[in-house]
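Chemist: Dumping the structure here so I can ask a few things about it.
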Amino acid sequence: MNRLANATSPYLQQHAGNPVDWWPWCAEAFAEARRRDVPVLISVGYAACHWCHVMAHESFENEAVGQLMNDDFVSIKVDREERPDVDAVYMTATQAMTGQGGWPMTVFATPDGTPFFCGTYFPRANFVRLLQSVATAWRDQREAVQRQGAAVVEAIGGAQAIGGPTAPLTAELLDAAAVQLGKEYDSTNGGFGGAPKFPPHMNLLFLLRHHQRTGDRSSLEMARHTCEAMARGGIYDQLAGGFARYSVDATWTVPHFEKMLYDNALLLRVYTHLWRLTGDQLAGRVARETVYFLRDSLAVEPGGFASALDADTEGVEGATYAWTPQQLIEAVGEDTGAWAADLYEVTPGGTFEHGTSVLRLARDIDDAAPEIRQRWAQVRDALLDARSRRSQPARDDKVVSSWNGLAITALSEFSQVASAIGDDGNGDAPAAAALARSLATEAGAFLAQTHLVDGRLRRVSRDGVVGEPAGVLEDYGCVAEAFCALHQLTGEGRWLELAGELLDVALARFATGSGAFYDTADDAEQLVTRPADPTDNATPSGLSSLTAALTAYSALTGEPRYREAAEAALATVAPIAARHARFTGYAATVGEALLSGPYEIAIVTDGSASDPLVLAAHRHAPPGAVVVAGAPDQPGVPLLRDRPLLEGRPTAYVCRGFVCDRPVTTTADLVAQLG
Numbered sequence: 000m001n002r003l004a005n006a007t008s009p010y011l012q013q014h015a016g017n018p019v020d021w022w023p024w025c026a027e028a029f030a031e032a033r034r035r036d037v038p039v040l041i042s043v044g045y046a047a048c049h050w051c052h053v054m055a056h057e058s059f060e061n062e063a064v065g066q067l068m069n070d071d072f073v074s075i076k077v078d079r080e081e082r083p084d085v086d087a088v089y090m091t092a093t094q095a096m097t098g099q100g101g102w103p104m105t106v107f108a109t110p111d112g113t114p115f116f117c118g119t120y121f122p123r124a125n126f127v128r129l130l131q132s133v134a135t136a137w138r139d140q141r142e143a144v145q146r147q148g149a150a151v152v153e154a155i156g157g158a159q160a161i162g163g164p165t166a167p168l169t170a171e172l173l174d175a176a177a178v179q180l181g182k183e184y185d186s187t188n189g190g191f192g193g194a195p196k197f198p199p200h201m202n203l204l205f206l207l208r209h210h211q212r213t214g215d216r217s218s219l220e221m222a223r224h225t226c227e228a229m230a231r232g233g234i235y236d237q238l239a240g241g242f243a244r245y246s247v248d249a250t251w252t253v254p255h256f257e258k259m260l261y262d263n264a265l266l267l268r269v270y271t272h273l274w275r276l277t278g279d280q281l282a283g284r285v286a287r288e289t290v291y292f293l294r295d296s297l298a299v300e301p302g303g304f305a306s307a308l309d310a311d312t313e314g315v316e317g318a319t320y321a322w323t324p325q326q327l328i329e330a331v332g333e334d335t336g337a338w339a340a341d342l343y344e345v346t347p348g349g350t351f352e353h354g355t356s357v358l359r360l361a362r363d364i365d366d367a368a369p370e371i372r373q374r375w376a377q378v379r380d381a382l383l384d385a386r387s388r389r390s391q392p393a394r395d396d397k398v399v400s401s402w403n404g405l406a407i408t409a410l411s412e413f414s415q416v417a418s419a420i421g422d423d424g425n426g427d428a429p430a431a432a433a434l435a436r437s438l439a440t441e442a443g444a445f446l447a448q449t450h451l452v453d454g455r456l457r458r459v460s461r462d463g464v465v466g467e468p469a470g471v472l473e474d475y476g477c478v479a480e481a482f483c484a485l486h487q488l489t490g491e492g493r494w495l496e497l498a499g500e501l502l503d504v505a506l507a508r509f510a511t512g513s514g515a516f517y518d519t520a521d522d523a524e525q526l527v528t529r530p531a532d533p534t535d536n537a538t539p540s541g542l543s544s545l546t547a548a549l550t551a552y553s554a555l556t557g558e559p560r561y562r563e564a565a566e567a568a569l570a571t572v573a574p575i576a577a578r579h580a581r582f583t584g585y586a587a588t589v590g591e592a593l594l595s596g597p598y599e600i601a602i603v604t605d606g607s608a609s610d611p612l613v614l615a616a617h618r619h620a621p622p623g624a625v626v627v628a629g630a631p632d633q634p635g636v637p638l639l640r641d642r643p644l645l646e647g648r649p650t651a652y653v654c655r656g657f658v659c660d661r662p663v664t665t666t667a668d669l670v671a672q673l674g
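Numbering (numbering that gives the first Met the number 0), first residue to last: 0 to 674.
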């Protein structure tokens, strides 16, 4: 009996019709394995994963393979996005055994969950041989299998150990991290390393903050060049906006077509702040288009944002997005089709598969003459209309707490920056700012109403119904940071109160006692090890996301114990940052905020968000600064307490590290204090 039909996870539901007797992750599955005295097969993936679909079609939909799995194993299907704790434990085991990891992940374990053989994708023939070999080993070499499992658990327990060396995250260390990134930088194509190449969003955030704090031009250029290369590449959807998960090459040409909420949220922050710091028109356009992408492609009812768009369309990767020259002509006519093919680098030979090309932007369009931009906009609208009549990729519409937190923070910051920049003559910044504000507040309200249950966060929901999996550390960190951002965006005290409640739970339930944090709560389900990974990967680690929230909350409330907790946590990751800067980008981003202050900027005004002091604060805010605006002594806003208007005029109060400058009433004086 397949038990996945009523799962909250769309990924699990994709396997509900398999001939495999799948179980969801639950205690009953392991009890069944003990009753039958058979090993457990744990298959981990996610809905937008291309090779997960391939293995499903080849093996899990095959009757003979399903029979082998049913005869000799209890098979458990896990959505890694729904259960990141389970994924983290077994991914560590897979990497320890094979030297690499990825999805689909295939793990064989004892009935108590101890892994003894791990791998990733297996073609059907190999998978069949593996099933037969493992079943034989379990029957005939049980002791050897159990010894291997014990050795794996010991190894991954050591990898997750708490209590390693610590060091302050100093200016010298962050300078060294920027230098290290420069050594790994691809000066030709942008980004870091070779193929496959992932958007280095957290490293770019760090480099932008590092440049702003230090004036280092090379940090800014690495960020600017990478952003331009990605925005003009195939990894960016040139028609509808939104970034794909990664590029299969080093040149950003051909993407792996899945689009993840977390990538687009983090990249929205990057392009927003590049636009803010440089006025770069391309960065501003991409930021605006990403806001519209979030609304048009990922917003779900009754609230929040879906986790991903699939890489495949009806089993074919990229089928929705690729073009031939003839298809362009059919969409826009022969003359304009030839112009579009030249602009988007659609060639007769193709840059993708079967003579098709992924659209890239061959020339700078944002600074082109108005008539060129108008023609480009008309072509893009026509191509998007033609593409809309193709089959579209599926959407994984579960709402993930941490990823929605990242989106809310990004949208809040964009709304403030776009309002500060205003109409730059090349876009609709005011309208996009209003949209971003609306999206952020609605998503925040949904998380507060649906994902917060009895003071604790749940990891996911779908169709407005919250799931059972408990929130992990990254959920508490990202959502608390988002609530701090909403407090600044709206001036409403409830968001700050909610952020504090989440942070208090995190400090009480996830802390190790030595400054670090586990990824799961002390009262969460016990796995074979308790995961505690401080490094950033596709998303900020639980530790670095929590330090970001602690830092912002401390600045907004003036309560130093939260800052002290952030500093102690960053000290546990500082030795890693010194050696592996690419895997500590978000932690380094928070470190830049702490070194900068962070600045606490309070604007006492009549409540108008268009007050020149408010706009100047958002335009010129130092790295990680917090900005609040409102009436004197506005309830629920600690930074406005005991701060009156001077001579009846709007007044700015700037503090740094709990030390304050004199109040000022002109934008020139405020900008001077922020410089």
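Where is the CB? At the ideal position from N, CA and C, for every residue including glycine.
Would G443 and E500 be called neighbours here (beta carbons separated by less than 8 angstroms)?
Modeler: Residue 443 sits at position 444 when you count from the first residue of the sequence shown. Residue 500 sits at position 501 when you count from the first residue of the sequence shown. Not closer than 8 angstroms, so no.
Chemist: Is T355 close to the ligand NAP? I mean its beta-carbon at under 7 angstroms from any heavy atom of the ligand.
Modeler: In the structure on display, the ligand NAP does not appear, and there are no ligands present to speak of.
Chemist: Please state the DSSP three-state secondary structure of A310.
Modeler: Indexing the sequence shown from 1 puts residue 310 at position 311. Coil, per DSSP.
Chemist: Looking at R268: is its Cβ nearer than 8 angstroms to the Cβ of G426?
Modeler: Numbered from its first residue, the sequence shown carries residue 268 at position 269. Numbered from its first residue, the sequence shown carries residue 426 at position 427. Cβ distance not < 8 angstroms, so R268 and G426 don't count as in contact.
Chemist: Determine the DSSP secondary structure at R128, reduced to helix, strand or coil.
Modeler: Here residue 128 corresponds to residue number 129 of the sequence shown, with the count starting at 1. The answer is helix: DSSP assigns R128 an H, G or I state.
Chemist: Taking C-alpha atoms, which residue in Q94, S296, A30 and E473 lies nearest to L238?
Modeler: Position 239 of the sequence shown holds residue 238. Checking every option, the nearest Cα to that of L238 belongs to S296.
Chemist: Going by DSSP, what residue range makes up the alpha helix (DSSP H) through K182?
Modeler: Position 183 of the sequence shown, counting from 1, holds the residue named residue 182. Here the alpha helix (DSSP H) through K182 covers A170 to E183.
Chemist: Determine the burial state of N403: buried for a count of at least 16 other Cβ atoms within 10 Å of its Cβ, exposed for fewer.
Modeler: Residue mapping note: residue 403 aligns to position 404 of the sequence shown, counting from 1. N403 comes out buried.
Chemist: With a cut-off of 8 angstroms on the beta carbons, I'd call A409 and A592 a contact; round off their distance for me.
Modeler: Mapped onto the sequence shown, residue 409 falls at position 410. Mapped onto the sequence shown, residue 592 falls at position 593. The pair is not a contact, with the Cβ atoms about 16 angstroms apart (cut-off 8 angstroms).
Chemist: For L204, I'd like the list of residues in its chain whose CB is within less than 8 angstroms of its CB, leaving aside the five on either flank, ordered along the chain.
Modeler: What you label residue 204 is simply residue 205 of the sequence shown in a count that begins at 1. Cβ neighbours of L204 beyond the five flanking positions: L265, R268, V269, H272, G584, Y585 and T588.
Chemist: What did DSSP end up calling S544 once you bin it into helix, strand or coil?
Modeler: Here residue 544 refers to the residue found at position 545 when the sequence shown is read from its first residue. DSSP places S544 in helix when its eight states are reduced to three.
Chemist: Could you name the residues that DSSP lists as bridge partners for A733?
Modeler: Limits of the chain in this structure are 0 at one end and 674 at the other, which puts residue 733 out of reach.
Chemist: Can you tell me the Cα-Cα spacing of L67 and P38, whole angstroms?
Modeler: If you number the sequence shown from 1, residue 67 lands on position 68. If you number the sequence shown from 1, residue 38 lands on position 39. Going by the C-alpha atoms only, they are around 13 angstroms apart.
Chemist: CB T571 to CB G156, shorter than 8 angstroms?
Modeler: In the sequence shown, residue 571 corresponds to position 572, counting from 1. In the sequence shown, residue 156 corresponds to position 157, counting from 1. No, Cβ-Cβ distance for T571 and G156 is not below 8 angstroms.
Chemist: Give every residue of the same chain whose Cβ lies closer than 8 angstroms to the Cβ of T350, excluding the five residues on either side of it in the sequence, and list them in chain order.
Modeler: Position 351 of the sequence shown, counting from 1, holds the residue named residue 350. Counting only Cβ-Cβ distances below 8 angstroms, and skipping sequence neighbours, we find G233, T252, V253, E344, S356, V357 and R359.
Chemist: Pull up the distance between the alpha-carbon of D605 and that of E599, whole angstroms please.
Modeler: For the purposes of this step, residue 605 is taken as the residue at position 606 of the sequence shown. For the purposes of this step, residue 599 is taken as the residue at position 600 of the sequence shown. When rounded, the distance between both Cα atoms is 19 angstroms.
Chemist: Below 8 angstroms between beta carbons: does that hold for A136 and I41?
Modeler: For the purposes of this step, residue 136 is taken as the residue at position 137 of the sequence shown. For the purposes of this step, residue 41 is taken as the residue at position 42 of the sequence shown. No, the Cβ-Cβ distance between A136 and I41 is not below 8 angstroms.
Chemist: N5: buried (16+ other C-beta within 10 angstroms of its C-beta) or exposed?
Modeler: Sequence index remark: in the sequence shown, residue 5 carries index 6 (1-based). Classification for N5: exposed.
Chemist: Which complete alpha helix (DSSP H) runs does the region 355–379 hold, if anything under 4 residues is left out?
Modeler: Listed in chain order, there is nothing to give.
Chemist: Would you list, in sequence order, the uninterrupted alpha helix (DSSP H) runs of no fewer than 4 residues that lie entirely inside the region 260–294?
Modeler: The region 260–294 contains these whole alpha helix (DSSP H) runs: 260–277 and 280–292.
Chemist: Taking 8 angstroms as the cut-off, decide whether the C-beta atoms of W321 and R394 are in contact.
Modeler: Numbered from its first residue, the sequence shown carries residue 321 at position 322. Numbered from its first residue, the sequence shown carries residue 394 at position 395. Rather than Trp, the amino acid found at residue 321 in this sequence is Ala. No, they are not a contact pair.
Chemist: Quick check on L488: does DSSP put it in helix, strand or coil?
Modeler: Translated into the one-based positions of the sequence shown, residue 488 becomes position 489. Correct three-state label for L488: helix.
Chemist: Using DSSP bridges, identify the partner residues of F107.
Modeler: The residue labelled residue 107 in the question sits at position 108 within the sequence shown. Answer is L40 and F116, bridged to F107.
Chemist: Under the rule that 16 or more other beta-carbon atoms within 10 Å means buried, what is H14, buried or exposed?
Modeler: Looking up residue 14 in the sequence shown gives position 15. Counting Cβ neighbours within 10 Å, H14 comes out buried, since at least 16 surround it.
Chemist: Do E646 and K397 have their CB atoms nearer than 8 angstroms?
Modeler: Position 647 of the sequence shown, counted from the first residue, corresponds to residue 646. Position 398 of the sequence shown, counted from the first residue, corresponds to residue 397. It is not a contact, given that the beta carbons lie outside the stated cut-off.
Chemist: As a quick exercise: from T511, A428 and S437, pick the residue whose alpha carbon is nearest that of C303.
Modeler: The sequence position of residue 303 within the sequence shown is 304, counting from 1. The amino acid at residue 303 is misidentified as Cys; the sequence shows Gly. Comparing Cα positions, the closest option is S437.
Chemist: Using the Cα positions of R388 and T319, report the straight-line distance between them to the nearest angstrom.
Modeler: As a working note, residue 388 is residue 389 in the sequence shown. As a working note, residue 319 is residue 320 in the sequence shown. In a straight line, the C-alpha of R388 is about 9 angstroms away from that of T319.
Chemist: Expressed to the nearest angstrom, what Euclidean distance is found between the alpha-carbon atoms of E153 and L639?
Modeler: One-based indexing of the sequence shown puts residue 153 at position 154. One-based indexing of the sequence shown puts residue 639 at position 640. So the two alpha carbons sit approximately 52 angstroms from each other.
Chemist: Under the DSSP definition of a beta bridge, which residues are partnered with R458?
Modeler: What you label residue 458 is simply residue 459 of the sequence shown in a count that begins at 1. Partner(s): none; R458 has no beta bridge.
Chemist: From the DSSP secondary-structure annotation, give me the bridge partner or partners of S74.
Modeler: Counted from its first residue, the sequence shown places residue 74 at position 75. S74 is bridged to W21 and L40.
Chemist: Going by the DSSP bridge assignment, what does V627 pair with across the sheet?
Modeler: As a first step, residue 627 is located in the sequence shown; it is residue number 628 there, counting from the start. Answer is A601.
Chemist: With three or more C-beta pairs closer than 8 angstroms as the rule, is the region 112–127 touching the region 90–104?
Modeler: Touching, yes, given that three or more Cβ pairs across the two stretches are closer than 8 angstroms.
Chemist: By a C-beta neighbour count over all protein chains shown, 10 Å radius and 16 as the cutoff for buried, is Q325 buried or exposed?
Modeler: Walking along the sequence shown from the start, residue 325 turns up at place 326. With fewer than 16 Cβ atoms within 10 Å of its Cβ, Q325 is classed as exposed.
Chemist: Hey, out of L497, G470 and G466, whose CA is closest to A481's CA?
Modeler: Locating residue 481 in the sequence shown gives position 482, where the first residue counts as 1. Looking at the Cα atoms, L497 is the closest of the given residues.
Chemist: Taking the alpha carbon of A166 as the reference point, which residue from G635, A577 and V625 has its own alpha carbon closest?
Modeler: To locate residue 166, count along the sequence shown from 1; it is residue 167. The shortest Cα separation from A166 among G635, A577 and V625 belongs to A577.
Chemist: State the start and end residues of the unbroken alpha helix (DSSP H) segment that holds Y89.
Modeler: Residue 89 sits at position 90 when you count from the first residue of the sequence shown. Taken as a continuous stretch (DSSP letters only), the alpha helix (DSSP H) holding Y89 covers P83 to T97.
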